[in-house]
Amino acid sequence: MNSKKMKEYVQTETEYKKLILFAGNDFLGLSRHPTIAKATAKARWNRELVQGDLHSSVDIPIITWHWNPAWRSFGANMAVMVAIGSIVPVLCEGRRPTKEERTNCKNTRKVVVTDSLFSMDGDIAPMAELAQLRKKHGFLWVLDDAHGTFVWGKNGGGLAEEFNCEYDVDISIGTLSKAASSLWEGSKIWKQWIQSRGRSFIFSTIAPVPLAAASYASVVVAKKETWRRREIQNRMKELQALTGIPVKSQIVCVIIGDMMQAIKTNHELLKSGFYCVAVGPPAVAPNTARLRLTLTAVHTSEDIKRLAAIISKYVKFQVPRSSNCSDYITPRL
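For the sequence shown, the UniProt record's numbering begins at 1 and goes up steadily by one.
Right, dumping it as structure tokens:
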């Protein structure tokens, strides 16, 4: 695919001009992929409204790709938390345990729930350390890998695969709306538990057939086109080389500080043909207003150079002496 065609995939129409999109979560650049669009359109005429196996077929390429035999594709995030919350009520109720609850649960199994990649700072959870703690204390590890699924790991298995701790994670929650519906994985026992206790699974109907078809096609394309993960890695290296920002992931946080200055910078980027997002309190801490940038597989090197040049007018980057991208090491993708 040539760069001109790739660039069209990250442009979004406005009333006035085309913009290169550096917001959103379409990391692999699949939103306009012709194979996925064709599969979605074809499924419009499918009659699998009550019976059929299209939704189950989404699980098949994921099972053959991932390390765990039990996958389910549905509104998984809420279902998992509600199901576990029926065991640990404070998770379901979104509160801290009381003193009495802490005293009474000393001999029960603990649960650790964390994101793998945090969406505002773009930083990564201490995966290796968590794996060691799990081995020591035996807690149940629930990992939300929404921003890592299909993007990280040698085979696109996410950040658990990236840090070689995939077998330490008990339940992993992912998404097909970012890199590629919602999905989760775990043992067969946990699969049965989630299906029997997850209210968003029990008390809801299936997703529309075209959405299931798009999800299936997205997984197949993401598995086949491994170059997309490599291109994300290349864009990460290039942005770090040009700005000196420690780029930890495909989500990049450019701290501005003052919210009005962040909005002004974002407006200048908009005028220059880039669509980014300025984020301020209460979403982030006071005086840490920022530009949240997302790098995708279909951005080009020229896109990164232009973006960095415009932002540098408003942000003082600590650019190293050498701007050779090969001098910078990013996590293995």
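Think of the CB as a built atom: it goes at the ideal place given N, C-alpha and C, for glycine as much as any other residue.
Item: Alpha carbon of Ser116 to alpha carbon of Ala289, nearest angstrom; Value: 23 Å
Item: Arg109 burial status per 10 Å Cβ neighbour count (16 or more: buried); Value: exposed
Item: Rounded C-alpha distance that separates Glu161 from Pro282; Value: 33 Å
Item: Helix, strand or coil at Ala241 [DSSP, three-state]; Value: helix
Item: Selected residue, minimal CA-CA separation from Leu30, among Thr296, Ala309, Tyr314, Phe317; Value: Thr296
Item: Rounded distance between the beta-carbons of Ala222 and Phe150, thought under 8 Å; Value: 5 Å
Item: Secondary structure of Ser218, DSSP reduced to three states; Value: helix
Item: Phe27, buried or exposed, once every other Cβ within 10 Å from all chains shown has been counted against 16; Value: buried
Item: Contact the segment 115-133 vs the segment 142-158: 3+ CB pairs below 8 Å; Value: yes
Item: Cα-Cα separation, Gln250 to Met236; Value: 7 Å
Item: Ala23 vs Ala213 beta-carbon contact at 8 Å; Value: no
Item: Residues bridged to Thr294 [DSSP beta-bridge criterion]; Value: Ile251
Item: Where Leu28 sits in the DSSP three-state scheme; Value: coil
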